[in-house]
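Report on one structure; see the data block that follows.
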Amino acid sequence: MSEARKIGSVLIVDDVLALILTMEEHVLRSNLSTTAAGAHAEALKISQELKPDVVIASLDPGQNDPGLLRDLRNLGDVSVIVVESRRGEHDKVVRFESGADECLSKMRELLVRVDALVTSRLVAPVEAPKRSQSGKWLFGGWELRLKTRQLRDPSGTLVPLTQGEYALLFAFLEAAERPLSREYLQRATRVHGEISDRSIDVQILRLRRKLETDARAPRLIKTKRGVGYVFSIPAQLLDV
């Protein structure tokens with residue numbers, strides 16, 4: 068009987084062999100291919116070469132390697148799950164701010180979330196209207212090209228976006244200057260495959276850090292008390 072075709076790839080980052088083997092066993096049950104890395108540099112090298120769908124990083128409570136999470140995030144469109152035996156709220160906030168999509172403490176949770184993330188990446192994203200496929204959004208000197216999903220700042224410098232950040236920015240531009248609830252943003256971006264209910268505020272923080280001069284005093288994406296968020300300047304869609 069031939070081996071079933073693997074439906075996705077997972078990179079496991081941990082320096083303890085026993086934990087790697089335990090996580091591999093759980094992930095393999097979902098028919099996913101796995102690769103292990105034991106250190107920061109090795110994890111980045113493998114991620115660049117294999118481009119996994121999901122990275123699972125095992126970190127102890129209090130252990131803080133934001134550089135690893137940020138470097139993984141900067142590589143592009145990859146989902147990052149942090150697994151730790153116990154988690155405090157402070158640790159969880161640090162993980163999210165450093166680039167994690169999920170922070171889990173149980174293997175059962177891990178398997179469910181890996182399945183969900185891989186499945187969402189296998190489903191083709193919902194297409195924007197055909198009139199927009201070769202167009203570009205202009206806002207405050209910025210330019211977002213839809214065909215290539217490339218964002219450039221007012222100086223022309225390319226600013227990399229993850230799939231989730233692109234989906235979030237697209238949703239804001241389509242409804243520029245209109246207040247949007249968190250629930251609306253969750254629905255609008257989920258079809259593009261990445262954002263979970265628990266991390267919408269973190270995704271907005273990451274997007275602010277790329278768009279704003281000072282993410283603590285945002286000019287573009289403003290918090291609307293009691294409602295959610297508003298993209299506060301006009302946006303123009305041009306055909307090119």
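Note that our numbering gives residue 115 to position 48 of the sequence shown, counting from 1, and the numbers run on in steps of one. Glycine included, C-beta positions come from ideal geometry on N, C-alpha and C. Note that the structure is predicted; figures quoted are calculated from it, not measured.
- Secondary structure of Ser165 (DSSP, three-state): helix.
- Of the other Cβ atoms in all chains shown, 16 or more fall within 10 Å of the Cβ of Val145; this residue is therefore buried.
- The beta carbon of Lys203 is closer than 8 Å to those of Glu210, Leu211, Arg212, Leu213, Leu304, Leu305, Val307 in its chain, skipping five residues each way along the sequence.
- At the C-beta level, Val150 and Ala167 stay beyond 8 Å of one another.
- Look at Ala106 here: in three-state DSSP terms it is coil, with no helix or strand label.
- If you ignore the 5 residues before and after Arg140, its C-beta comes within less than 6 Å of the C-beta of Gly166, all in its own chain and listed in chain order.
- Here Ser100 really is in contact with Ser76; their C-beta atoms are around 5 Å apart, less than 8 Å.
- At the C-beta level, Ile123 and Val80 come within 8 Å of one another.
- With a cut-off of 8 Å on Cβ pairs, the segment 248–258 is not in contact with the segment 273–282, counting fewer than three such pairs.
- Within the model, the alpha-carbon separation for Ala282 versus Ala104 is close to 33 Å.
- By the Cβ-count criterion, Val147 is buried, with 16 or more other Cβ atoms from all chains shown falling within 10 Å of its own Cβ.
- When beta bridges are read from the DSSP output, Ser222 appears opposite no residue.
- Residues of the same chain with a CB within less than 6 Å of the CB of Leu135, apart from the 5 flanking positions on each side, are His107 in chain order.
- According to the DSSP secondary-structure assignment, Arg275 is paired through a beta bridge with no residue.
- DSSP places Gly231 outside any beta strand (DSSP E); the residue lies instead in the alpha helix (DSSP H), whose first and last residues are 230–241.
- In the structure shown, the three-state DSSP call for Ile300 is coil.
- When only Cα atoms are considered, Tyr296 and Glu164 end up about 19 Å apart.
- Counting of Cβ neighbours within 10 angstroms places Pro221 among the exposed residues, the total staying below 16.
- In the DSSP assignment, Thr290 forms a beta bridge with Tyr296.
- If you draw a 10 Å sphere on the C-beta of Arg245, you find fewer than 16 other C-beta atoms in it, and that means exposed.
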